[in-house]
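Residue numbers (the UniProt record's numbering): 1 to 484.
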């Protein structure tokens with residue numbers, strides 16, 4: 001249902017920021033909420049070891065009030081990611097780059113009528129009926145005002161739907177009287193006392209004001225087209241809310257107590273670049289299915305893993321698999337292609353396409369251009385967020401392939417190292433020139449050398465000395481510093 005983008009655009013663009021500023025209370029935004037250790041500890045103590053209220057159908061809404069009652073600070077964070085140099089160029093009618101490029105948690109909400117009704121009825125039960133029983137009116141008039149706004153849906157959803165039916169009826173009658181020559185003229189409801197006409201005009205003005213506000217906020221996030229379509233979706237949204245209200249009321253009356261209503265969790269689809277929302281298959285399982293290793297070999301590799309290396313690198317070091325077999329399994333795991341490269345053969349003009357800070361940060365090498373798409377090589381899978389960041393930083397669409405272990409590490413040293421040591425490739429070439437080695441021997445040494453080159457960051461994270469998020473933070477700070 002597209003009504004979700006309308007309601008959440010207005011809620012997160014206007015209502016929640018105002019609520020935070022006036023009442024200092026923010027309903028938890030569900031999957032997009034961060035808690036401090038102090039907050040989690042307080043919730044665990046409050047729930048006797050259970051942080052979330054398992055009987056609540058809207059535990060995120062419930063937590064927001066529980067933390068507020070404990071005197072904790074709640075904020076609604078809006079952080080845009082915008083290239084300031086391009087901000088003016090990206091500005092469109094009623095849409096600013098900072099508004100439309102917020103960091104957010106993306107999630108596909110129900111897109112059918114029945115699932116939308118199910119989810120919203122659960123929200124109504126949790127916020128209106130369970131909330132009224134659990135969270136009493138407070139001594140703060142401001143907070144009570146927002147509590148009333150949360151709970152008035154139990155009445156306003158019915159009233160607004162009936163008002164919509166009356167409006168549709170009046171519009172049909174008006175069209176009938178205007179277009180039909182011998183139409184029967186009904187008595188107008190607008191012919192009455194002056195105070196009634198004034199009240200109707202004031203109500204009409206307030207309704208137009210609300211519609212304009214919705215158009216503005218939806219346009220700010222999703223563009224003018226969706227902003228205008230939000231007016232038409234008002235009718236569809238009213239129908240969904242009306243049916244959800246009936247369903248919620250029916251469930252509460254059937255159970256007698258709103259806290260005994262069964263959990264009716266709506267299934268969500270989470271966005272994925274590939275469209276496949278399944279989790280990645282374990283590397284060991286792929287190697288077993290491809291008959292590269294046996295179960296006994298996998299058990300041995302898991303028990304005797306090389307310290308500081310992940311499973312694939314450890315098995316490579318132990319000689320259980322080859323670099324080609326590892327690359328093929330990683331490519332299958334991530335749904336991309338794999339290939340072997342010679343980093344020394346990459347044109348310097350292509351290397352210039354990618355800044356050193358970007359290449360070193362994401363451990364990738366530019367390989368070629370295909371239809372204005374930059375193909376990069378990586379020794380491991382790249383998550384969708386990092387791939388999108390690469391696209392933004394490089395300035396063109398990026399696609400990646402898996403390459404053999406060690407080829408990226410040696411390539412990064414050759415092209416991007418700030419302090420260049422002895423070039424191992426040049427040393428082998430020099431040995432061949434002096435006839436200390438044959439070309440075949442030099443090639444074999446190189447093939448043995450490359451797969452044993454690893455990223456220092458991988459060793460640190462595997463050993464548990466630092467997590468990947470901390471490394472990313474350090475790299476970002478280094479990019480913004482004046483350090484070489």
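Backbone N, C-alpha and C define an ideal beta-carbon position, used for all residues, glycine too. All figures in this text were calculated on a predicted structure; none of them were measured in a lab.
Using CA coordinates, which residue listed in the options is at the minimum distance from residue i?
i	options	result
residue 233	113, 197 and 258	113
residue 134	95, 64, 169 and 198	64
residue 455	449, 408 and 354	408
residue 378	388, 353 and 405	405
residue 59	93, 385, 37 and 122	122
residue 319	249, 451 and 240	451
residue 256	229, 130 and 309	130
residue 13	317, 429, 215 and 423	215
residue 42	70, 147, 428 and 24	70
residue 397	423, 370, 422 and 380	370
residue 81	68, 96, 67 and 92	96
residue 94	446, 309 and 223	223
residue 67	55, 45 and 57	45
residue 170	188, 161 and 200	188
residue 488	33, 148, 247 and 3	Since the first residue of the chain shown is 1 and the last is 484, residue 488 is not available in this structure.
residue 168	228, 225, 181 and 235	235
residue 15	145, 249, 173 and 141	145
Just to check my reading of the structure: residue i and residue j have Cβ atoms closer than 8 Å, yes? What is that Cβ distance to the nearest angstrom?
i	j	result
residue 367	residue 412	13 Å between Cβ atoms; not a contact.
residue 329	residue 287	5 Å
residue 325	residue 292	5 Å
residue 365	residue 346	7 Å
residue 343	residue 414	6 Å
residue 331	residue 337	6 Å
residue 156	residue 6	Residue 156 to residue 6, Cβ: 16 Å. No contact.
residue 120	residue 240	6 Å
For residue i, collect the residues of the same chain with a Cβ closer than 7 Å to its Cβ; drop the 5 residues on either side in sequence, then sort them by chain order.
i	result
residue 281	333
residue 284	298 and 311
residue 198	none
residue 158	242 and 245
residue 185	177
residue 339	401 and 403
residue 314	301, 305 and 306
residue 160	238
residue 56	62, 126 and 130
Flag residue i as yes when its Cβ comes closer than 7 Å to any non-hydrogen atom of the ligand COA, and as no otherwise.
i	result
residue 23	The ligand COA is not part of this structure, which contains no ligands at all.
Which residues in the same chain as residue i place their Cβ atom closer than 6 Å to its Cβ, once the five residues preceding and following it in sequence are excluded?
i	result
residue 9	217, 218 and 221
residue 356	416
residue 150	127
residue 243	117
residue 399	373 and 375
residue 273	With a pLDDT of only 43 at residue 273, under the threshold of 50, the placement of this residue in the model should not be trusted; the figure read from the coordinates follows. Within the same chain, residue 273 has close Cβ partners 384.
residue 268	Since pLDDT at residue 268 reaches only 48, below the 50 mark, its modelled position is unreliable, and no value is offered.
residue 11	none
residue 227	215, 218 and 219
So, at 8 Å on beta carbons, what are the nonlocal neighbours of residue i in its own chain, with the 5 sequence-adjacent residues on each side left out?
i	result
residue 431	437 and 442
residue 79	102 and 103
residue 252	125, 129, 258 and 261
residue 40	51
residue 386	362
residue 341	365, 367, 377, 403, 404, 407 and 411
residue 445	428 and 437
Between residue i and chain D, is there a C-beta pair that is closer than 8 Å?
i	result
residue 300	The displayed structure is made up of one protein chain only, and chain D is not part of it.
Touching by the beta-carbon criterion (3+ pairs, under 8 Å), the region 383-401 and the region 346-364: yes
Is there contact here, the region 45-52 with the region 104-119, by at least three beta-carbon pairs under 8 Å? no
Assess contact between the region 11-25 and the region 73-80, defined as three or more Cβ pairs (one per stretch) separated by less than 8 Å. Is contact present? yes
Enumerate, from N- to C-terminal direction, the unbroken alpha helix (DSSP H) stretches of 4 or more residues contained entirely within the region 150-235. 153-179 and 194-222
Is there contact here, the region 193-210 with the region 125-142, by at least three beta-carbon pairs under 8 Å? no
What residue ranges within the region 337-425 form continuous beta strand (DSSP E) runs of no fewer than 3 residues, ordered along the chain? 365-370, 373-378 and 398-403
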